[in-house]
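Trainee: In my numbering, the protein residues as written are 47 to 381.
#1: Given a cut-off of 9 angstroms on the beta-carbon distance, is the pair residue 304 and residue 289 in contact?
#2: Who are the near neighbours of residue 224 in its chain, counting only those whose CB is closer than 6 angstroms to its CB and skipping five residues on each side?
#3: Where residue 84 and residue 135 are concerned, what is the direct C-alpha to C-alpha distance, given to the nearest angstrom?
#4: Among all the DSSP beta bridges, which residues are the ones paired with residue 275?
#5: Going by beta-carbon coordinates alone, are residue 302 and residue 284 separated by less than 9 angstroms?
#6: Here's a check: name, in chain order, each residue in its chain whose Cβ is nearer than 8 angstroms to the Cβ of residue 317, leaving out the five neighbours to either side.
#7: Please work out which residues of its chain come closer than 6 angstroms, Cβ to Cβ, to residue 287, disregarding the five sequence neighbours upstream and downstream, and give them in chain order.
#8: Which term fits residue 251, buried or exposed, when burial requires 16 or more other beta carbons within 10 angstroms of its beta carbon?
#9: Just reading off the beta strand (DSSP E) that residue 217 is part of, what are its end residues?
#10: Please tell me whether residue 61 and residue 82 are closer than 9 angstroms, where the distance is taken between their beta carbons.
#11: Going by the beta-carbon positions, is the gap between residue 295 and residue 268 smaller than 9 angstroms?
#12: In the DSSP assignment, find the unbroken alpha helix (DSSP H) run with residue 385 in it and report its ends.
#13: Taking 9 angstroms as the threshold (C-beta atoms), are residue 189 and residue 219 in contact?
#14: Residue 203 by DSSP, collapsed to three states: which one?
#15: Let me know if residue 204 comes out buried or exposed under the rule of 16 or more other beta-carbons within 10 Å of its beta-carbon.
#16: With DSSP run on the structure shown, which of helix, strand or coil describes residue 236?
#17: Cα separation between residue 327 and residue 102?
#18: Taking residue 98 as part of the beta strand (DSSP E), name the residues at either end of that continuous run.
#19: Along the chain, where does the beta strand (DSSP E) containing residue 353 start, and where does it finish?
#20: Is the beta carbon of residue 217 sitting closer than 9 angstroms to the one on residue 198?
#21: Tell me where the beta strand (DSSP E) around residue 74 begins and ends.
#22: Quick one: is residue 274 buried, meaning 16 or more other Cβ sit within 10 Å of its Cβ, or exposed?
#23: Give me the Cα-Cα distance between residue 353 and residue 201, rounded to the nearest whole angstrom.
#24: Identify whether residue 371 lies in helix, strand or coil by the three-state DSSP scheme.
#25: Any idea what DSSP makes of residue 84, helix, strand or coil?
#26: Can you list, in chain order, the stretches of the beta strand (DSSP E) that have 3 or more residues and sit fully within the stretch 325-361?
#27: In this structure, how does DSSP classify residue 51 when only helix, strand and coil are distinguished?
#28: Candidates 140, 87, 64 and 68: which alpha carbon is nearest residue 77's?
#29: Grab me the residues of residue 329's own chain with a C-beta within less than 7 angstroms of its C-beta, minus the 5 sequence neighbours each way, in chain order.
#30: Note down the Cα distance separating residue 361 from residue 351, rounded to an integer number of angstroms.
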């Protein structure tokens with residue numbers, strides 16, 4: 047659920063109000079006067095929350111969810127638990143975007159100046175900005191022109207180099223953040239619609255565990271509802287893009303110009319070489335190795351090595367490469 051240190055919730059709202067605001071219909075049996083106080087992902091929602099189903103990959107989570115109400119396609123409404131009120135929509139993701147904006151409207155900043163909390167022995171260089179409610183642990187180094195947003199927490203002995211910006215995030219101890227890094231900005235979330243794309247409010251955080259290194263000009267987007275998580279001891283090179291809701295396990299290494307799309311799951315001690323692309327909503331198991339410029343379009347079991355686009359097991363990739371070379375020489379081998 048959204049962290050109240052970063053997001054101010056409106057409401058509560060009755061189901062009838064929500065349905066009217068988002069262009070949905072109340073399914074049979076739904077009480078229009080029932081009130082909900084927040085939005086939440088399927089796996090985290092409780093009786094006071096509104097959630098949604100758009101991707102069929104999450105039907106099982108939908109069938110066991112505890113939400114007070116869900117926005118869903120009419121064709122899947124019967125898969126919901128009996129005590130979950132359903133709002134049917136032809137465009138559930140768009141309807142959820144409108145609902146999230148209802149609960150979390152953009153508001154004018156409150157007037158006033160509020161101090162940050164700076165730990166003992168910190169050094170803050172020229173031009174750095176530390177906003178209201180931010181907390182810095184002991185012995186942090188904050189480089190020139192760094193911006194640390196409201197309520198951000200930084201663990202002890204963390205070093206943030208010049209020009210980096212951090213918002214909506216909790217950073218562990220002994221983290222190294224190189225120049226120009228961007229952490230916690232809104233993820234790329236839109237409900238596509240012919241009448242105009244609708245931005246989906248990004249209501250999660252970025253959680254960076256201890257002993258992580260993040261290279262120059264890398265960007266890590268905050269979650270849309272679930273958090274984006276970077277596990278302990280990860281090493282991320284320059285110019286890497288980590289999208290919203292991604293979870294990266296312990297000790298994983300990601301080389302330059304790679305990108306991990308939204309809601310992907312990367313296991314522990316994975317090695318991702320340069321210019322690799324990982325499709326959204328996939329799972330890459332522990333100990334996997336991904337060869338440079340690979341395009342990952344399906345789940346990968348632990349311990350495998352993959353190469354190519356679309357990526358295949360490394361031995362299969364070597365066979366394909368050899369066959370292509372034979373074809374180029376006009377001496378293709380029989381199957």
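Glycine is no exception: its CB is placed at the ideal position from the N, C-alpha and C atoms. Note that the structure is predicted; figures quoted are calculated from it, not measured.
Mentor: This is what the structure holds:
#1: Residue 304 sits at position 258 when you count from the first residue of the chain shown. Residue 289 sits at position 243 when you count from the first residue of the chain shown. When the beta-carbon positions are compared, residue 304 and residue 289 stay at least 9 angstroms from each other.
#2: Indexing the chain shown from 1 puts residue 224 at position 178. When the five nearest sequence neighbours on each side are left out, the beta carbons in the same chain lying within less than 6 angstroms of the beta carbon of residue 224 are those of 207, 261 and 262, in order along the chain.
#3: Sequence index remark: in the chain shown, residue 84 carries index 38 (1-based). Sequence index remark: in the chain shown, residue 135 carries index 89 (1-based). Counting only the Cα atoms, residue 135 lies some 19 angstroms from residue 84.
#4: Position 229 of the chain shown, counted from the first residue, corresponds to residue 275. Answer is 253 and 293.
#5: The count along the chain shown starts at 1 and reaches residue 302 at position 256. The count along the chain shown starts at 1 and reaches residue 284 at position 238. Yes, Cβ-Cβ distance for residue 302 and residue 284 is below 9 angstroms.
#6: Counting from one through the chain shown, the residue named residue 317 turns up at place 271. Here the set comprises 298, 299, 334, 335 and 336.
#7: Here the question's residue 287 lines up with position 241 in the chain shown. Excluding its 5 nearest sequence neighbours in each direction, residue 287 has C-beta neighbours in its own chain below 6 angstroms: 265 and 305, listed in chain order.
#8: Here residue 251 is taken as the residue at index 205 of the chain shown, counted from 1. When all chains shown are included, residue 251 counts as buried.
#9: By 1-based counting over the chain shown, the position of residue 217 is 171. First-last of the beta strand (DSSP E) with residue 217: 215-217.
#10: The residue labelled residue 61 in the question sits at position 15 within the chain shown. The residue labelled residue 82 in the question sits at position 36 within the chain shown. It is a contact, given that the beta carbons lie within the stated cut-off.
#11: Position 249 of the chain shown, counted from the first residue, corresponds to residue 295. Position 222 of the chain shown, counted from the first residue, corresponds to residue 268. It is not a contact, given that the beta carbons lie outside the stated cut-off.
#12: The chain is shown only over 47 to 381; residue 385 falls outside these bounds and no answer can be derived.
#13: The residue given as residue 219 occupies position 173 in the chain shown. The residue given as residue 189 occupies position 143 in the chain shown. No, the pair does not count as a contact, with Cβ atoms beyond the cut-off.
#14: Residue 203 sits at position 157 when you count from the first residue of the chain shown. In this structure, residue 203 counts as coil in the three-state DSSP scheme.
#15: As a working mapping, residue 204 is identified with position 158 in the chain shown. Burial call: buried.
#16: Counting from one through the chain shown, the residue named residue 236 turns up at place 190. The three-state reading of DSSP puts residue 236 in strand, counting E and B together.
#17: Taking the chain shown and counting its residues from 1, one reaches residue 327 at position 281. Taking the chain shown and counting its residues from 1, one reaches residue 102 at position 56. For residue 327 and residue 102, the distance between alpha carbons rounds to 12 angstroms.
#18: Residue numbering aside, residue 98 sits at position 52 when the chain shown is read from its first letter. Start and end: 95-98.
#19: As a working mapping, residue 353 is identified with position 307 in the chain shown. Residues 351-353.
#20: For the purposes of this step, residue 217 is identified with residue 171 of the chain shown, where counting begins at 1. For the purposes of this step, residue 198 is identified with residue 152 of the chain shown, where counting begins at 1. Taking 9 angstroms as the cut-off, the beta carbon of residue 217 is found closer than this to the beta carbon of residue 198.
#21: On the chain shown, position 28 is the one that residue 74 refers to. That residue, residue 74, is in no beta strand (DSSP E); it is neither H nor E in DSSP.
#22: Looking up residue 274 in the chain shown gives position 228. The residue is buried, with at least 16 neighbouring Cβ atoms inside 10 Å.
#23: Stepping through the chain shown from its first residue, residue 353 is reached at position 307. Stepping through the chain shown from its first residue, residue 201 is reached at position 155. Computed Cα separation, rounded: 37 angstroms.
#24: Numbered from 1 along the chain shown, position 325 holds the residue referred to as residue 371. Helix.
#25: Along the chain shown, one-based indexing puts residue 84 at 38. Three-state result, residue 84: strand.
#26: Taking only runs of at least 3 residues, the beta strand (DSSP E) segments lying wholly in the stretch 325-361 are 351-353.
#27: To locate residue 51, count along the chain shown from 1; it is residue 5. In this structure, DSSP gives residue 51 a state outside helix and strand, which the three-state scheme calls coil.
#28: Residue numbering aside, residue 77 sits at position 31 when the chain shown is read from its first letter. Residue 64 holds the alpha-carbon nearest to the alpha-carbon of residue 77 among 140, 87, 64 and 68.
#29: Residue mapping note: residue 329 aligns to position 283 of the chain shown, counting from 1. The beta carbon of residue 329 is closer than 7 angstroms to those of 311 and 345 in its chain, skipping five residues each way along the sequence.
#30: Taking the first residue of the chain shown as 1, we reach residue 361 at position 315. Taking the first residue of the chain shown as 1, we reach residue 351 at position 305. When rounded, the distance between both Cα atoms is 9 angstroms.
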